[in-house]
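Notes for the one structure printed next.
In my numbering, the protein residues as written are 7 to 273.
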């Protein structure tokens with residue numbers, strides 16, 4: 007079984023995880039910029055993080071034959087201090103021409119505040135100016151529906167955006183229709199303790215047009231599983247989906263979206 011892991015925070019994972027991903031059939035990893043597990047104290051910390059994403063992690067993944075790509079931003083968890091966030095954003099253009107950068111992400115909302123939304127707009131404008139793809143984080147649990155609606159309302163301010171180059175991640179049963187009906191791609195995140203279980207994700211696949219859906223693990227500092235996508239593929243087979251259907255969701259769908267990014271190339 008081949009698949010693409012389109013959303014994984016590999017800086018938080020051990021080298022053993024790369025080995026497991028390679029053995030499971032992972033053919034590419036995409037890593038959005040995210041939180042460090044704690045709030046960084048200076049823009050320089052982000053500078054070094056972007057160096058890690060664009061230089062070090064691709065080399066670490068290459069040791070196991072896996073191409074590594076990344077997205078750049080200041081994540082919504084650290085966007086509440088708008089002045090600090092803008093200092094960080096001033097660094098990002100220096101890295102956007104790196105050969106493994108896909109676009110802007112994961113931007114979005116955490117607590118649905120005005121400052122988070124202001125920085126979200128500034129990221130979207132940066133992406134629109136450069137015609138870059140966008141990966142968006144929706145908040146968790148009880149804030150997800152409100153946050154998703156706020157994000158969709160904000161995106162509506164940019165009619166020039168190609169909605170087919172925007173993916174809104176961490177959708178669940180109560181938000182997936184909002185995202186797909188608006189013309190965007192939707193990502194389903196497989197977490198052991200929150201977001202979607204494999205069975206819930208497969209239920210969504212079986213009740214929606216799946217052409218603009220992908221699966222990801224979003225494995226990070228917390229309780230998460232870097233092999234969640236591969237395990238969901240096995241669960242799809244147990245539910246009666248044939249190999250072609252599994253390949254379409256786990257490999258072809260993310261490949262179609264990601265190939266809109268000039269830097270995304272598979273061997």
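By construction, the Cβ of each residue, glycine as well, lies at the ideal position given by its N, Cα and C atoms.
Because the structure is a prediction, the values reported are computed rather than measured.
| Query | Result |
| --- | --- |
| In three-state terms, what does DSSP make of residue 164? | coil |
| From residue 189 to residue 164, what does the alpha carbon distance come to, in whole angstroms? | 13 Å |
| In chain order, which alpha helix (DSSP H) runs of at least 4 residues are fully inside the region 215-239? | none |
| How close, in whole Å, do the beta carbons of residue 80 and residue 91 come, if the pair is a contact with beta carbons under 8 Å? | 5 Å |
| Could you name the residues of the same chain whose beta carbon sits closer than 7 Å to that of residue 267, not counting the 5 residues immediately before and after it, in chain order? | 108, 109, 139 |
| Identify whether residue 7 lies in helix, strand or coil by the three-state DSSP scheme. | coil |
| I'd like to know whether the C-beta atoms of residue 122 and residue 93 end up nearer to each other than 8 Å. | no |
| Between the alpha carbons of residue 31 and residue 16, how many angstroms are there, rounded? | 17 Å |
| Roughly how many angstroms lie between the CA atoms of residue 206 and residue 220, to the nearest whole one? | 14 Å |
| Anyone know if the C-beta pair for residue 13 and residue 224 falls short of 8 Å? | yes |
| I'd like to know if the region 118-132 and the region 176-192 are in contact, where contact means that at least 3 CB-CB pairs between them fall below 8 Å. | no |
| Output the distance between the C-alpha atoms of residue 34 and residue 174, rounded to the nearest integer angstrom. | 20 Å |
| What is the C-beta distance between residue 180 and residue 151, in whole angstroms, given that I count them as a contact (C-beta under 8 Å)? | 6 Å |
| Could you check how far apart the C-beta atoms of residue 201 and residue 149 are, in whole angstroms? I think they sit under 8 Å. | With 8 Å as the limit, residue 201 and residue 149 do not qualify as a contact, their Cβ atoms being about 13 Å apart. |
| Residues in the same chain with beta-carbon distance under 8 Å from residue 44, minus the five sequence neighbours each way, listed in chain order, please. | none |
| Label residue 59 either buried or exposed according to how many other C-beta atoms from any shown protein chain fall within 10 Å of its C-beta, with 16 as the threshold for buried. | buried |
| Residue 228: buried (16+ other C-beta within 10 angstroms of its C-beta) or exposed? | exposed |
| Which residues bound the alpha helix (DSSP H) around residue 129? | 120-136 |
| Nearest to residue 115 by alpha carbon, out of 136, 147, 103? | 147 |
| Which residue wins for smallest C-alpha separation from residue 259, given the options 141, 270, 216? | 216 |
| On the criterion of 16 or more Cβ atoms from any shown chain inside 10 Å, does residue 226 qualify as buried, or is it exposed? | buried |
| Name, in chain order, the residues that DSSP records as bridge partners for residue 111. | 141 |
| For the beta strand (DSSP E) that contains residue 195, what are its first and last residues? | 191-195 |
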